[in-house]
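A short worksheet on the structure shown next.
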């Protein structure tokens, strides 16, 4: 028995719709569209992304030979107003503004799909578009009315209210509309009046308003996107003999999926299993170079698969990383997992519209998932936080180098609406910040999986290495300054509390940093570096980690012109030893950074790369074979990150070489108190012991340092 087609009169349509009570799209637009043969809409602003939301309902509307008429007004910018004042033709300026709106909207995949639908409707004669504007004497303004009419063969449903024909207007904003049905006596007059108002507007009969056709001007752009977004080949394609084959269905947009060619290591699988066992919350402590990104995305893909299996709704994944280059690296890996992520950093204009459209599409279930990668700074900003607060569905938070989010300004921004949380770091504990470390554990959960350097080397995830500590002495000026700063630190601790609670910019924090800088900038390191580089002069892929800033003694009038350690190292290696060398610092432009990393990886014309801190967290340079640690603080995070950089696997690379410059007091002991000397050496030996522990030459290294331990009574360090 054939079912009678739906009509407006037989469709459940109410007299009003409001966001706190109903869903504008599912409860009103789609049912009314399914029963209509014509849809007339006049709005202050129209965005093609809404057509992607109406999706299947719009395709059925066109299939039934439905006809749509749209009257809208473009958004005018300052440059448009300037052109009008300069005498440009009004119609040309408005057309240009409307086309610009469509071009900008097309940057978002959802809107691009909507524009493609517009193009197909126009091509089949099912859509016409006109632009409206106010023209009263010398006044030009924007048409901002919002009315609409659904028609079938007998009845009409007219409506008016606050909702624009935009994705936020139908989904993200709080909107209300009043509806008038022509078959009901109380509604009939208003339904007829709104219908007449639209007809007058369409035929340019409305006082103070002017309307002109836009379909032809937009046709080239609409045709282009109709072709770009044409439906894929049907799943069932006939073969010459008439049999059928089933083509594989592509992964739904926004859903992470493990790529077929990817080999997930056993320990990465164990990490994901441990995370799931703890309710999809926890921190993975994994050594640098062991594939934390792949592990996290594998976990995200498994979570998305599980939610889809239970039809639990779409999943938004937000990845937060410290720096822009890490965002770019994450985005590249995310694309391998079948998702085009939104990169949110720098100017809000470059990402906000697409991110906002994604949030709306998730709310409508118009997409099965989505992923945003952002920097710590952008994540903490009000714009991103406001956007994230709009999301009401499943949320997975992935924090790369999670220790950074323990800072007070960042941890307070972590969304408590995220049911799923994953932190990643080789060193999740915050240095001198127990409060921040505890806050991270409270939010993300405990460390649920560990993969240290030793385990990673044994598993073949990292290469083996040789460790060479090189002892260098402070000179007399440096020793004297080190003693004075240490005494000042002792006084500050007695007055203000312990170093664990010292803020980096507090007087105590600055004293601690100054003392560390004395060791990092020790002048004797450059002559010692010369000896070590000469031993490896023919080796390629060498990294130089230099101390940041200037020598603490540079504030003294006698040493104002003292060059930085980076300049001294560059002069030694590049000019004196004539080895192709380049610097990689915070001032190096991003495009140049990428070029330097490429040249360094090839090894053809760049032998040594010298850096201040920028080659620490996250930079992928697996080609590096040798690392000279001119500056290594006692902060485990820094030296563990630097070791991890050079231990990454690469084609043809089986071994790495780490040269560490260890600062000790002068033999005469004249400038420092005995206990101060002992503590300084103890801090240095803590790092040396950690580096030596997993090296191929651990025994030789410890034997070399035994006299130093004996001298200061440090055999237990």
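Residue numbers (the numbering used here): 62 to 778.
From the three backbone atoms N, C-alpha and C, an ideal C-beta is built for every residue, glycine too.
At a Cβ-Cβ threshold of 9 Å, residue 644 and residue 604 do not count as neighbours. Between the alpha carbons of residue 535 and residue 722 lies a distance of about 12 Å. Straight-line measurement puts the Cα of residue 134 at about 10 Å from the Cα of residue 190. The Cβ-Cβ distance between residue 476 and residue 429 does not fall below 9 Å.
With the rule of 3 Cβ pairs closer than 8 Å, the stretch 360–373 does not count as touching the stretch 404–419. Cβ neighbours of residue 533 within its own chain (closer than 8 Å, five residues either side excluded): 583, 585, 586, 589, 722, 723, 724, 725. Around the CB of residue 323, fewer than 16 other CB atoms lie within 10 Å, so the residue is classed as exposed. Per the DSSP secondary-structure output, residue 642 pairs in a beta bridge with 669.
Between the stretch 375–388 and the stretch 429–446, the count of Cβ pairs shorter than 8 Å is three or higher; the stretches touch.
Pairwise C-beta distances place the stretch 320–335 out of contact with the stretch 454–469, as fewer than three of them are shorter than 8 Å.
For residue 452, the CB contacts under 7 Å within the same chain, skipping 5 residues up- and downstream, are 377, 420, 423 in chain order. Taken atom to atom, the span from the alpha-carbon of residue 448 to that of residue 178 is near 27 Å. Looking at the backbone, the Cα of residue 219 and that of residue 263 are separated by about 16 Å.
Within the same chain, no residue comes within 7 Å of residue 281 by CB-CB distance, once the 5 residues on both sides are set aside. For the pair residue 354 and residue 391, the Cα-to-Cα distance works out to about 7 Å. Between the beta-carbon of residue 555 and that of residue 691 there is about 33 Å, and that puts the pair past the 8 Å contact cut. Remark: C-beta atoms of residue 773 and residue 744 do not approach each other more closely than 9 Å.
Three or more beta-carbon pairs separated by less than 8 Å link the stretch 478–498 to the stretch 332–352, which places the two stretches in contact. The C-beta separation of residue 265 from residue 271 comes to about 6 Å, placing the pair in contact by the 8 Å criterion. For residue 511, the enclosing beta strand (DSSP E) has its first and last residue at 508–512.
Secondary structure in the stretch 364–431: the beta strand (DSSP E) runs of 3 residues or longer, each lying completely within the stretch, are 376–382, 403–405 in chain order.
Short of 7 Å from the beta carbon of residue 214, and not among the five residues preceding or following it, lie these beta carbons of its own chain, in chain order: 98. Burial state of residue 598 is exposed, judged by a 10 Å Cβ sphere holding fewer than 16 other Cβ atoms. The beta carbons of residue 217 and residue 252 sit about 5 Å from each other, so the pair counts as a contact at 8 Å.
Exclusion of the five residues before and after residue 160 leaves 278, 279, 282 as the residues of its chain whose Cβ lies within less than 8 Å of its Cβ. The residues 98, in chain order, have a CB closer than 6 Å to that of residue 127 in the same chain once the five nearest residues on each side in sequence are set aside.
Shown here for residue 718: same chain residues with a beta carbon closer than 6 Å to its own, the five before and five after excluded, namely 527, 687 in chain order. Distance from the CA atom of residue 615 to the CA atom of residue 401, rounded to whole angstroms, is 49 Å. When only Cα atoms are considered, residue 174 and residue 510 end up about 42 Å apart. In the DSSP annotation of this structure, the continuous segment of the beta strand (DSSP E) that includes residue 530 starts and ends at 525–534. The closest CA to that of residue 507, considering only 336, 623, 473, 487, is found on 336. At the C-beta level, residue 488 and residue 682 stay beyond 9 Å of one another.
By the C-beta density criterion, residue 212 is buried, having at least 16 other C-beta atoms within 10 angstroms. The Cβ atoms of residue 708 and residue 517 lie closer than 9 Å to each other.
DSSP, reduced to helix, strand and coil, places residue 221 within a strand of the structure shown. Judged by DSSP secondary structure, residue 445 falls within the alpha helix (DSSP H) whose first and last residues are 443–450.
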